[in-house]
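If you're matching them up, the sequences are chains E and V in order.
According to the UniProt record's numbering, the first sequence is numbered sequentially starting from 1.
According to the UniProt record's numbering, the second sequence is numbered sequentially starting from 1.
From the three backbone atoms N, C-alpha and C, an ideal C-beta is built for every residue, glycine too.
There are 2 protein chains.
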Amino acid sequence: MKQLNVDLGERSYPIYIGSVLKQDGLLAKHIKAKQVCVVSNTTVAPLYLKLIRNSLPDHSIITINLPDGEEHKDLTTLNTIFDTLLTNRQNRTTTLVALGGGVVGDMTGFAAACYQRGVPFVQVPTTLLSQVDSSVGGKTGVNHAQGKNMIGAFYQPQAVLADTDVLLTLPERELSAGIAEIIKYGLISDAEFFAWLEDNMDALLACDKQALGHAIHRSCEIKAEVVAQDEREGGIRAILNLGHTFGHAIETAMGYGVWLHGEAVAAGMLMAADLSRRMGMLDQSVVDRTQALLLKAKLPVVTPAEITDKQYLSLMSVDKKVLDGKIRLVLLKGLGEAMVTSEVPKVLLHKTIQVSRLPAEQARR
Amino acid sequence: MKQLNVDLGERSYPIYIGSVLKQDGLLAKHIKAKQVCVVSNTTVAPLYLKLIRNSLPDHSIITINLPDGEEHKDLTTLNTIFDTLLTNRQNRTTTLVALGGGVVGDMTGFAAACYQRGVPFVQVPTTLLSQVDSSVGGKTGVNHAQGKNMIGAFYQPQAVLADTDVLLTLPERELSAGIAEIIKYGLISDAEFFAWLEDNMDALLACDKQALGHAIHRSCEIKAEVVAQDEREGGIRAILNLGHTFGHAIETAMGYGVWLHGEAVAAGMLMAADLSRRMGMLDQSVVDRTQALLLKAKLPVVTPAEITDKQYLSLMSVDKKVLDGKIRLVLLKGLGEAMVTSEVPKVLLHKTIQVSRLPAEQARR
Chain E
1 MKQLNVDLGE
11 RSYPIYIGSV
21 LKQDGLLAKH
31 IKAKQVCVVS
41 NTTVAPLYLK
51 LIRNSLPDHS
61 IITINLPDGE
71 EHKDLTTLNT
81 IFDTLLTNRQ
91 NRTTTLVALG
101 GGVVGDMTGF
111 AAACYQRGVP
121 FVQVPTTLLS
131 QVDSSVGGKT
141 GVNHAQGKNM
151 IGAFYQPQAV
161 LADTDVLLTL
171 PERELSAGIA
181 EIIKYGLISD
191 AEFFAWLEDN
201 MDALLACDKQ
211 ALGHAIHRSC
221 EIKAEVVAQD
231 EREGGIRAIL
241 NLGHTFGHAI
251 ETAMGYGVWL
261 HGEAVAAGML
271 MAADLSRRMG
281 MLDQSVVDRT
291 QALLLKAKLP
301 VVTPAEITDK
311 QYLSLMSVDK
321 KVLDGKIRLV
331 LLKGLGEAMV
341 TSEVPKVLLH
351 KTIQVSRLPA
361 EQARR
Chain V
1 MKQLNVDLGE
11 RSYPIYIGSV
21 LKQDGLLAKH
31 IKAKQVCVVS
41 NTTVAPLYLK
51 LIRNSLPDHS
61 IITINLPDGE
71 EHKDLTTLNT
81 IFDTLLTNRQ
91 NRTTTLVALG
101 GGVVGDMTGF
111 AAACYQRGVP
121 FVQVPTTLLS
131 QVDSSVGGKT
141 GVNHAQGKNM
151 IGAFYQPQAV
161 LADTDVLLTL
171 PERELSAGIA
181 EIIKYGLISD
191 AEFFAWLEDN
201 MDALLACDKQ
211 ALGHAIHRSC
221 EIKAEVVAQD
231 EREGGIRAIL
241 NLGHTFGHAI
251 ETAMGYGVWL
261 HGEAVAAGML
271 MAADLSRRMG
281 MLDQSVVDRT
291 QALLLKAKLP
301 VVTPAEITDK
311 QYLSLMSVDK
321 KVLDGKIRLV
331 LLKGLGEAMV
341 TSEVPKVLLH
351 KTIQVSRLPA
361 EQARR
């Protein structure tokens, strides 16, 4: 088992990576009172709820199973958590445990932030994507029909337990979606790690435990460093959103849940790389390596033909990074080096959107 | 104009009391960017929105009018704020201005806490109750069918502008409801102020500007001191809830909006005083003075006959102060001295509930 720390003063917390759910007393250590509410979904609960129960023999546990999928990440579903907590007379000492992927983690964290103005919570992410991204850093929230994650809070967990054993039951498509965010860390801040991913992609796709352990650890390490510098995203933290402004537009335009978040981010990162190259900041070779690595990870690199330029611009202009009406984008100025800019020539942005719809072998030349 | 400060480190902010909306540039000083969204309601906006517009000539202003009343303080109404913000492409630099009473302030503050994970907001409370209580201290939130203020956040405003001129248009019943919270400050921490209220109640009810200014200033001063010691209500802050556990039960049982919050708190404070006396902590004379002052302020001291003991206990057991299944109550150990306890003999609690239903002249003997 590996451990690292997210350093946020009095809000600091540990991340554990490995066969963590089998570690005696580890989860219990991070729960202060007797009352626990495990929030999970209809897919994950049948597989792993029992493990949680076993590791908390002395606690009083209630459970909530949310419907599975991004399309349920909204205020209505959130309210069902409050309903259950109140019906079961849960109070301010109750700890919420998020057992599931990013949707469960984001909603549980936001519910914890809001229930009686704040109760503690623990993240037990069960997808690769949530282990390397959403469970770390305290971003919680729900979607609005007009934009992803538009309603939420910065609210840090007591601990993150990333169990690598549970990834064995993950559908292939979700494994790839998680790898998209791992590739992101290479692109924004570690060229060596990017090269390691090029060499070890087959092992990751085969769920090799050593390879996954390393990739998750390095990803969380990079994220924890960035978050520790800028908890509430006043500056540097925005680089973690490489590909996300394009990606959110794709997710929203297609309807939540049609494209997985990681899939949309994959296509979006390639768009960001392409735009960086058109703006003269990035070598074509990095764009090519990015596309090749995404394809190797079985991720989409071509965007849906039905999303118009106008839709992209409209959806991108509600992005949380927008300032004074200007779209701000995370771009690359080298492999492992990201930057945020609102100085994007419109004509190049349109070109990037247009070529993103072409088959991989024709595009980005 | 008077000014005082809520001392919360980097979250500190000023409270201005007096003819503040006429002060040139005062509101603008606390708004950092150009975009402003004024959230008000259908009663207050026609009266005072123009004043706000006049004081922000260089800003781009959108407005949202919520339906008026506690019964609309819920997630559904909250979502209409998000709808409007997103439709109007408001971003993270937008400042929300809450122009209205406690319902508008609580919902606007919570919307500000959650929109894009947090935007700045300013409180412009237009009722006496919100000026002396809800606008100060950062408690924001909405109600749930199963309990008041069960969903919310601690989120501090940039400034509070309590304009005493606007109180002239306040209905008598709402003026009295505000006075209930003012009496609370005397009861929990300032016997001298309580005596001043006994002497000056007629002036307050006549909206004498000097008297109101003093009462608001002293109330905010007491609240600011308590909040500065305990922002997130880990301890001492709970004393601000004198009468609120009983009061919330009355409000919830009767249906939100039937009893005004201040009215329910008035009856609840008398119950707390009565229970304190039965537990041997408080002189009968303080109970009598409390009842007399509440009656002088035209506040209810008799609780609705239709609320059963069982309902009280059930509603009080979802109170946010409940710990390990025990109801915790704020009680008085003297005039101007409050305490929190979970050691309440059930038989005395029942007696207090029973006598609270009797006409004032029969009860509490």
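Taking 8 angstroms as the upper bound on Cβ-Cβ separation, chain E lies near residues 82, 83, 86, 87, 89, 91, 92, 93 of the stretch 82–101 of chain V.
Listed along chain V is no residue with a C-beta nearer than 8 angstroms to that of residue 244 (chain E); the closest approach is about 14 angstroms.
Interface flag for residue 139 (chain E) against chain V is set, since a Cβ pair is found closer than 8 angstroms.
By the criterion of at least three beta-carbon pairs nearer than 8 angstroms, the stretch 302–317 of chain E is not in contact with the stretch 226–236 of chain E.
Using a CB distance cut-off of 8 angstroms, residue 113 (chain E) counts as an interface residue toward chain V.
Using a Cβ-Cβ cut-off of 8 angstroms, residue 154 (chain V) counts as an interface residue toward chain E, since at least one Cβ of chain E sits closer than that to its own. Look at the beta carbons and you see the stretch 151–164 of chain E touching the stretch 96–112 of chain E: at least three pairs across the two are nearer than 8 angstroms. For residue 288 (chain E), no beta strand (DSSP E) encloses it; the enclosing alpha helix (DSSP H) starts and ends at 284–296.
For residue 29 (chain V), the closest C-alpha among the options V:125, V:57, V:326, V:45 is that of V:57. E:102 is the residue among E:197, E:226, E:228, E:102 whose C-alpha sits nearest the C-alpha of residue 262 (chain E). Nearest C-alpha to residue 306 (chain V) among V:113, V:48, V:253: V:253. Nearest to residue 169 (chain V) by C-alpha distance, out of V:194, V:215, V:126, is V:126.
The continuous alpha helix (DSSP H) containing residue 78 (chain V) extends over residues 75–87. A straight-line Cα-Cα distance of about 5 angstroms links residue 337 (chain E) and residue 189 (chain E).
With distances taken between CA atoms, residue 220 (chain V) lies nearest to V:133 out of V:98, V:183, V:133, V:303.
For residue 29 (chain E), there is no enclosing beta strand (DSSP E); the residue is found in the alpha helix (DSSP H) stretching over 26–29. Between the alpha carbons of residue 197 (chain E) and residue 300 (chain E) lies a gap of roughly 17 angstroms. When Cβ-Cβ separations below 8 angstroms define contact, residue 143 (chain V) makes no contact with chain E.
Against chain E, the CB of residue 75 (chain V) has a partner CB under 8 angstroms away; the residue lies at that interface. In the structure shown, residue 300 (chain E) adopts coil according to DSSP, grouped into three states. With its beta carbon less than 8 angstroms from one in chain V, residue 317 (chain E) belongs to the interface. Following the DSSP letters along the chain, one finds residue 312 (chain V) inside the alpha helix (DSSP H) bounded by residues 309–316. The Cβ atoms of residue 275 (chain V) and residue 341 (chain V) lie no closer than 8 angstroms to each other. Close to chain E, meaning a Cβ-Cβ distance shorter than 9 angstroms, is no residue of the stretch 338–353 of chain V at all.
Against chain V, the CB of residue 320 (chain E) has a partner CB under 8 angstroms away; the residue lies at that interface. Between the C-alpha atoms of residue 161 (chain V) and residue 181 (chain V) there is a straight-line separation of about 18 angstroms. Fully enclosed beta strand (DSSP E) runs of no fewer than 3 residues occupy 13–18, 35–41, 60–66 of the stretch 11–72 of chain E, in order along the chain. Taking residue 186 (chain V) as the centre and dropping the five residues before and after it, the same chain places the C-beta of 193, 194, 197 closer than 6 angstroms to its C-beta, in chain order. Every beta strand (DSSP E) of 3 residues or more that sits fully in the stretch 140–221 of chain E is shown, in chain order, as 147–154, 160–163. Taking a Cβ-Cβ threshold of 7 angstroms, none of the residues of chain E is close to residue 11 (chain V); the smallest such distance is about 12 angstroms. When only Cα atoms are considered, residue 303 (chain V) and residue 206 (chain V) end up about 26 angstroms apart. Residue 309 (chain V) counts as exposed, since fewer than 16 other C-beta atoms from the protein chains shown sit within 10 angstroms of its C-beta. Note on geometry: alpha-carbon atoms of residue 177 (chain E) and residue 128 (chain E) lie some 8 angstroms from one another.
Annotation for residue 3 (chain E): the continuous beta strand (DSSP E) segment containing it runs 2–6. Rounded to whole angstroms, the gap between the alpha carbons of residue 256 (chain V) and residue 277 (chain E) is 59 angstroms. In chain order, 75 make up the part of chain V whose C-beta sits under 7 angstroms from the C-beta of residue 79 (chain E).
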